[in-house]
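K.L.:
Going down the list, the sequences are from chains A and B.
Per this note's numbering: the first sequence = residues 37 to 295.
Per this note's numbering: the second sequence = residues 840 to 1202.
Each residue gets a CB set at the ideal place from its N, CA and C atoms; glycine is no exception.
Sharing a structure with you now.
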Amino acid sequence: MARDYERREVVAKLAQLPCSALLLSVCGPLPALLEAAQADGDQTQEDDAEHYYGMGIQIDKCIGCGRCVEACKAENDVPREPKYFRTWVERYVIHSDGEVSVDSPEGGIKGFSPLAEEAGEVLRAFFVPKLCNQCDNPPCVQVCPVGATFKTDDGVVLVDSDYCIGCRYCIQACPYGARYLDPRTKTADKCTFCYHRITKGLLPACVEVCPTEARVFGELESAASPLRRLMRMSELQVLKPSLNTKPKVYYSKLDGEVR
Amino acid sequence: MHVHLLLSMQDRITGFVYPNELEHHWGLLIVLYPYITGLVAGAFILASLEKVFRVKEVEPTYRLALLTALAFLLAAPLPLLAHLSHPERSFEIFLTPQFKSAMAMFGFVYAWYLMLVLLLEIWFEYRADVVRWSEKERGLRKYLHWVISLGSRDLSPEAVEFDRKAVYTITLIGIPSAFLLHGYVGFIFGSIKANPWWSSVLMPIVFLFSAIVSGISLVLILYYITTLVRRKPLDMACLDKLAAFLLYALILDLSLEVLDFIHRLYESEESIEILSELVFSKLFISLTIVQILIGSIGPLVLLAWTRFSRLPAELKRVIYFIAALLVQVGIFSTRWNVVIGGQLFSKSLRGLTVLASDGDVPP
């Protein structure tokens, strides 16, 4: 999708060329103009190797409003039924007696109803936004029999829906429940960090709409990025570290009860 | 989709499951796949007993075992193919395999086993007979057998001796291949670290021994039925030997399962609570009752009884038959408990879910 858009843009620019050339041919040298247009076209070409994306999630900032879930469904045309999610929000309630209850009604898309418990009964409670962890050692990529799911150079795990045979081995292999089978294409699907947006320099939809900036997206390897700043300032953890999937979604203030 | 179905499903879920886990992905078809390949591997290993280990008593079942293996091997990929959402792209597994994927190796293991082991062995085993038939018979059968003989006409003692040697050699290669075929199916499940019910180094070995159990019992059942249908006398020495091997294989298989069980219980990892809950609730009937009591302990007791008491042959063979049938029920539920059981708990280890669909429910 992203590629098509870029191509269209370049073609449009090239089409403008003859007209501009006609106008400016008296005062400007055509070869230089051509070169400039070419360079302009190149700027929109994303170079995978120059980026390495990740996400930071600040648990203490999430208010469980579910706007990220809604934005994700709208932006990525995710089926509305409450069993297909690229991102969702879980609510953890740790009771005074140590009992832990977790819920995520419809993925938290409509937010959460107030807790029924009395104030004294709850030890602590918090929300945990979840999404594909874009693992650096992704078990889903390992098991795909045809290589339809793969890791890009900029660190995002994607699915080629024209290639996926629908065996669902990747869904079984994902420890985080981040994958589903799209009922329309009958192929595996998951969060792409909004690849069509980030390759244009935009933020993923969930990050864009988050009212509390609980989600921080950016470059993992560039010192000036907001994500890098978060990584410097807070203690970070990843989900299920014992499985050695090497997630690139980092959580601050992550509770030990979160799985 | 059917929102009320989803809602009623949610009522039957205990604890918390990830939202995407409300849909199941591997159903009955994937249960059938390890069941069928297990029968193939088991039947072949039984056939090899006669050729390589010179167990003369089971000779009457040799060809039957080979043909059983072939028939089930031809059927083995069908449930897999039917389960794919895009079966028209299945050839990509052969053309552009992703070599790190256990599943991608299926094509190669399967092709190796079918072409180089089973078909070749069966051809050498039947070659002399096929040549004779094509000489004697008339009409279509003559032509068919001539085609199957691939133009071979030599019936000299040297040629027949060569066939024998070829069969022996192929069987030697075939035994590790059969181990590979079914051990590999176990690896497909055992290597999924995301799923604590599957992830076990013992999985390929447990699969292998349960395959041997299922193969022997299937050939016993087929031998029993086909002999009765053809109104031929049952070879009691052969049945006794089959039953003895079935008993040994059952003991090994059950021991491995118990080892796996004790190991998990003793290590008591993070997943132990949810898995215990699973075993004692959703899987209680299919695991404890059907797989262990009816499918393992039951035939074990029956077979041991025939071995340690003097029963008339007529009664013994009926007991063998019943034991073999029970074993088939048990092995099928073993496959069910692995494939379905592995999807009945959440990977959040916080809840149990219900079997909803094969993932094929249209929106």
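#1: Sorted by chain position, which residues of the same chain lie with C-beta nearer than 8 Å to K119/A's C-beta, five sequence neighbours on each side aside?
#2: Taking just the CA atoms, how far does G237/A sit from P67/A?
#3: Can you tell me which of L1104/B, H1102/B, I1170/B, F1100/B puts its alpha carbon nearest to the alpha carbon of G1134/B?
#4: Contact check, A152/A vs R127/A under 8 Å by CB: the rounded distance?
#5: Establish whether the CB of W865/B and some CB of chain A are separated by less than 9 Å.
#6: Confirm, please, whether the CB-CB distance from F911/B to T876/B is below 9 Å.
#7: Check whether the Cβ of D139/A lies closer than 9 Å to any Cβ atom in chain B.
#8: Determine the direct distance from the alpha carbon of L868/B to that of N1176/B, and round the result to whole angstroms.
#9: Between V856/B and chain A, is the shortest Cβ-Cβ distance under 9 Å, so that the two count as touching?
#10: Could you give the C-beta distance for K890/B and Y982/B, rounded to a whole number, given that I count them as a contact under 8 Å?
#11: To test your reading of the DSSP string, which unbroken beta strand (DSSP E) runs of 3 or more residues are found completely within the stretch 246-271 of chain A?
#12: Does DSSP put H925/B in a helix, a strand or coil?
#13: Kindly give me the distance between the Cβ atoms of A1209/B and V879/B, rounded to whole angstroms, as I take these residues to be in contact under 8 Å.
#14: Could you tell me the distance, in whole angstroms, from the CA atom of S61/A to the CA atom of T235/A?
#15: Roughly how many angstroms lie between the CA atoms of R966/B and G881/B, to the nearest whole one?
#16: Along the beta strand (DSSP E) that carries P165/A, what are the first and last residues, could you check?
#17: So with Cβ pairs under 9 Å, would you call G1181/B a contact of chain A?
#18: Just reading off the beta strand (DSSP E) that D196/A is part of, what are its end residues?
#19: Please list, in chain order, the chain B residues whose beta carbon lies closer than 7 Å to that of I207/A.
#20: Give every residue of the same chain whose Cβ lies closer than 8 Å to the Cβ of G202/A, excluding the five residues on either side of it in the sequence, and list them in chain order.
#21: Please name the residue or residues paired with R127/A in a DSSP beta bridge.
#22: Just checking my contact of V856/B with S1187/B at CB under 8 Å: how many whole Å lie between their CB atoms?
#23: Using only CA atoms, which one of V970/B, A1050/B, F892/B, A1005/B lies nearest to S991/B?
#24: Consider the Cβ of K1186/B: report whether some Cβ of chain A lies at a distance smaller than 9 Å.
#25: Under 7 Å Cβ to Cβ from Y199/A, same chain only, skipping five residues before and after it: list those, please.
#26: Any C-beta of chain B sitting closer than 9 Å to the C-beta of R160/A?
#27: By the criterion of Cβ-Cβ separation under 9 Å, what are the contact partners of T223/A in chain B?
#28: To the nearest angstrom, report how far apart T188/A and S197/A are at their CA atoms.
#29: V243/A touches chain B at which residues, Cβ-Cβ below 9 Å?
#30: Where G1137/B and I1158/B are concerned, what is the direct C-alpha to C-alpha distance, given to the nearest angstrom?
#31: Can you tell me where the alpha helix (DSSP H) holding Y1007/B begins and where it ends?
#32: Compare the C-beta of C200/A against all C-beta atoms of chain B and say whether one is closer than 9 Å.
#33: Closer than 9 Å, CB to CB, is T935/B near chain A or not?
#34: Buried or exposed: G1198/B, going by 16 or more other Cβ atoms within 10 Å of its Cβ?
#35: Alpha carbon to alpha carbon, how far is F947/B from Y287/A? Give it in angstroms, no decimals.
#36: Helix, strand or coil for Q79/A, going by three-state DSSP, please let me know.
P.N.:
This is what the structure gives:
#1: Translated into the one-based positions of the first sequence, residue 119/A becomes position 83. Closer than 8 Å at the Cβ level, and outside the excluded window around K119/A, lie Y216.
#2: Counting from 1 along the first sequence, the entry for residue 67/A is found at position 31. Counting from 1 along the first sequence, the entry for residue 237/A is found at position 201. Residue placement at P67/A is poorly supported in this model, since its pLDDT is 48, which falls under 50; the coordinates still yield a value, given next. Approximately 30 Å between the Cα atoms of the pair.
#3: The count along the second sequence starts at 1 and reaches residue 1134/B at position 295. It is I1170/B whose Cα lies nearest to the Cα of G1134/B.
#4: Taking the first residue of the first sequence as 1, we reach residue 152/A at position 116. Taking the first residue of the first sequence as 1, we reach residue 127/A at position 91. About 12 Å; that fails the 8 Å criterion.
#5: The sequence position of residue 865/B within the second sequence is 26, counting from 1. For W865/B, the answer is yes, since a Cβ of chain A falls inside 9 Å of its Cβ.
#6: The residue labelled residue 876/B in the question sits at position 37 within the second sequence. The residue labelled residue 911/B in the question sits at position 72 within the second sequence. In this structure, F911/B lies closer than 9 Å to T876/B by Cβ.
#7: Reading the first sequence from its first residue, position 103 is the one you call residue 139/A. D139/A counts as touching chain B.
#8: On the second sequence, position 337 is the one that residue 1176/B refers to. On the second sequence, position 29 is the one that residue 868/B refers to. Distance between the alpha carbons of N1176/B and L868/B: 14 Å.
#9: If you number the second sequence from 1, residue 856/B lands on position 17. Chain A, which has a Cβ nearer than 9 Å to the Cβ of V856/B, makes this yes.
#10: Along the second sequence, one-based indexing puts residue 890/B at 51. Along the second sequence, one-based indexing puts residue 982/B at 143. With a Cβ gap of about 31 Å, K890/B and Y982/B do not count as contacting.
#11: 251-255
#12: By 1-based counting over the second sequence, the position of residue 925/B is 86. Correct three-state label for H925/B: coil.
#13: Only positions 840 to 1202 of chain B appear in the structure, and residue 1209/B is not among them; the question remains open.
#14: Residue numbering aside, residue 61/A sits at position 25 when the first sequence is read from its first letter. Residue numbering aside, residue 235/A sits at position 199 when the first sequence is read from its first letter. Only weak support is given to the placement of S61/A: the predicted model assigns it a pLDDT of 45, under 50, and the value that follows is read from those uncertain coordinates. If I take the Cα positions, the gap works out to 35 Å.
#15: Within the second sequence, numbered from 1, the residue matching residue 966/B stands at position 127. Within the second sequence, numbered from 1, the residue matching residue 881/B stands at position 42. The alpha-carbon atoms of R966/B and G881/B are separated by roughly 24 Å.
#16: Here residue 165/A refers to the residue found at position 129 when the first sequence is read from its first residue. Unbroken beta strand (DSSP E) run through P165/A: 158-167.
#17: Within the second sequence, numbered from 1, the residue matching residue 1181/B stands at position 342. For G1181/B, the answer is yes, since a Cβ of chain A falls inside 9 Å of its Cβ.
#18: Here residue 196/A corresponds to residue number 160 of the first sequence, with the count starting at 1. No beta strand (DSSP E) contains D196/A, which DSSP labels as neither H nor E.
#19: Along the first sequence, one-based indexing puts residue 207/A at 171. Going along chain B in sequence order, the residues near I207/A (Cβ under 7 Å) are H864.
#20: In the first sequence, the residue the question calls residue 202/A occupies position 166. Once the five neighbours on either side are set aside, the close Cβ partners of G202/A are L217, K222, T223, A224.
#21: Your numbering for residue 127/A matches position 91 in the first sequence. As DSSP reads the structure, R127/A sits in a beta bridge with D139/A, F163/A.
#22: Here residue 856/B refers to the residue found at position 17 when the second sequence is read from its first residue. Here residue 1187/B refers to the residue found at position 348 when the second sequence is read from its first residue. Confirmed, about 7 Å.
#23: Taking the first residue of the second sequence as 1, we reach residue 991/B at position 152. When only C-alpha atoms are compared, the closest one is V970/B.
#24: Numbered from its first residue, the second sequence carries residue 1186/B at position 347. At a cut-off of 9 Å between beta carbons, K1186/B contacts chain A.
#25: For the purposes of this step, residue 199/A is taken as the residue at position 163 of the first sequence. Correct list, in chain order: V182, A184.
#26: As a position in the first sequence, residue 160/A is number 124, starting the count at 1. Closer than 9 Å: no.
#27: In the first sequence, counting from the first residue as 1, residue 223/A sits at position 187. Per Cβ cutoff of 9 Å: S924, H925.
#28: Taking the first sequence and counting its residues from 1, one reaches residue 188/A at position 152. Taking the first sequence and counting its residues from 1, one reaches residue 197/A at position 161. T188/A and S197/A have their alpha carbons spaced roughly 15 Å apart.
#29: In the first sequence, counting from the first residue as 1, residue 243/A sits at position 207. Chain B residues near V243/A: none, gap ~20 Å exceeds 9 Å.
#30: Stepping through the second sequence from its first residue, residue 1137/B is reached at position 298. Stepping through the second sequence from its first residue, residue 1158/B is reached at position 319. Answer to the nearest angstrom: the Cα atoms are 11 Å apart.
#31: Residue mapping note: residue 1007/B aligns to position 168 of the second sequence, counting from 1. Segment 996-1029, the alpha helix (DSSP H) holding Y1007/B.
#32: Taking the first residue of the first sequence as 1, we reach residue 200/A at position 164. Interface residue, yes.
#33: For this step, residue 935/B is matched to residue 96 along the second sequence. Judged by the 9 Å Cβ criterion, T935/B is in contact with chain A.
#34: Working through the second sequence from its first residue, we reach residue 1198/B at position 359. Below a pLDDT of 50, predicted positions are generally treated as unreliable, and G1198/B, at 43, falls in that range; no measurement from the model is reported.
#35: The residue given as residue 287/A occupies position 251 in the first sequence. The residue given as residue 947/B occupies position 108 in the second sequence. Distance between the alpha carbons of Y287/A and F947/B: 42 Å.
#36: The count along the first sequence starts at 1 and reaches residue 79/A at position 43. Only weak support exists for where Q79/A lies, its pLDDT of 48 falling under 50; the value from the coordinates is given anyway. Three-state DSSP puts Q79/A in a helix.
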